[in-house]
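If you're matching positions, the sequence shown starts at 31 in the working numbering and goes up one per residue. Right, one structure below, let's go through it.
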Amino acid sequence: SFCTLLEGGREGKKGARSEMPAKRILVLGQARAGTTLLVSYLRSNEESVVVHAEPLAVTRTVEDPVKEIEMVLKSAENTHKAAKVVGCRVTPEQLLHHKVTIGELAVRVGVEVVVVVTRSRALEMLVSKKLAEKTGRFYSEDIINTKEKVHVNEAEVVQFVKTSTEQWVNVVENWPEGVPVLVVKYSDLAERPQEALSRVWGGIGCGLVR
């Protein structure tokens with residue numbers, strides 16, 4: 031599973047921590063994993079700022095992707111000077127496309143915690159993605175309970191798993207020592223949000239509660 035891959039691959043050089051006005055985090059997850067929902071919950075605490083913007087969209091040409099993330103986080107810090115946590119959202123696809131590693135983000139940007147949002151099964155993720163393509167609704171802070179039907183064939187599942195695995199392998203290779211990963215499942219965010227958020231705040235380690 032993606033969770034096992036993440037937990038098993040965090041080896042490499044220790045990332046340097048800088049003195050920051052706020053702890054810097056990344057919210058990492060595939061499209062339709064539930065990152066938008068988590069970001070909306072985190073933003074509901076006035077002491078945390080996690081921007082919705084994805085600075086590394088694959089449709090953009092970025093000369094220095096790591097510097098781009100630094101600029102996004104610095105802007106959030108300057109705008110919200112009282113924030114104890116600042117962060118932004120990225121996807122494994124974006125990191126692979128722009129050839130960015132978590133190690134670079136730890137050393138050059140000062141990222142201290144990575145919060146990974148995922149779903150329990152690859153098929154669930156693929157179905158959610160196809161539903162978004164059908165409805166045109168890719169990002170939402172709401173929990174959608176309406177029913178839609180989509181067709182998924184075996185070849186699509188195989189290709190989706192292959193592509194996703196390649197992206198996650200790129201993420202966990204040479205994971206820097208000292209940068210913890212906190213895995214949160216969409217089902218927990220949707221069904222037990224207070225419990226899930228309590229675990230997130232504890233993992234970030236800022237003493238924030240909601």
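No residue lacks a Cβ here, since even glycine has one placed at the ideal position from N, Cα and C.
Practice problem: Report yes if the C-beta distance between Arg138 and Val96 is below 8 angstroms; otherwise report no. | Solution: yes
Quiz item: Span of the beta strand (DSSP E) holding Ser78?
Solution: Ser78 to Val81
Quiz item: For the alpha helix (DSSP H) that contains Glu225, what are its first and last residues?
Solution: Pro223 to Ile234
Quiz prompt | Arg73, DSSP secondary structure in three states | solution = helix
Quiz item: Taking the alpha-carbon positions, what's the Val178 to Trp231 distance?
Solution: For the record, residue 178 in the displayed sequence is Glu; it is not Val. Whole-angstrom Cα-Cα distance: 34 angstroms.
Quiz item: Over what stretch of residues does the alpha helix (DSSP H) that includes Glu196 continue unbroken?
Solution: Glu184 to Val202
Quiz prompt | Beta-carbon proximity list for Gly59, same chain, < 7 angstroms, skipping 5 on both sides | solution = Thr65, Thr121, Val146, Val147 and Thr148
Quiz item: Straight-line CA distance for Leu133 to Pro206?
Solution: Per the sequence presented here, residue 133 reads as Gly, with Leu not at that position. Cα to Cα, the separation comes out at about 5 angstroms.
Practice problem: Determine the DSSP secondary structure at Val180, reduced to helix, strand or coil. | Solution: coil
Quiz item: DSSP three-state call for Arg151: helix, strand or coil?
Solution: coil
Quiz item: Could you check where the alpha helix (DSSP H) with Lys97 kicks off and where it finishes?
Solution: Pro95 to Thr109
Quiz item: Pick from Val182, Glu142 and Ser150: whose alpha carbon is nearest that of Lys241?
Solution: This structure does not reach residue 241, given that the chain is present from 31 up to 240, and the question cannot be answered.
Quiz item: Any idea which residues DSSP pairs Gly208 with across the strands?
Solution: In DSSP, Gly208 forms no bridge with anything.
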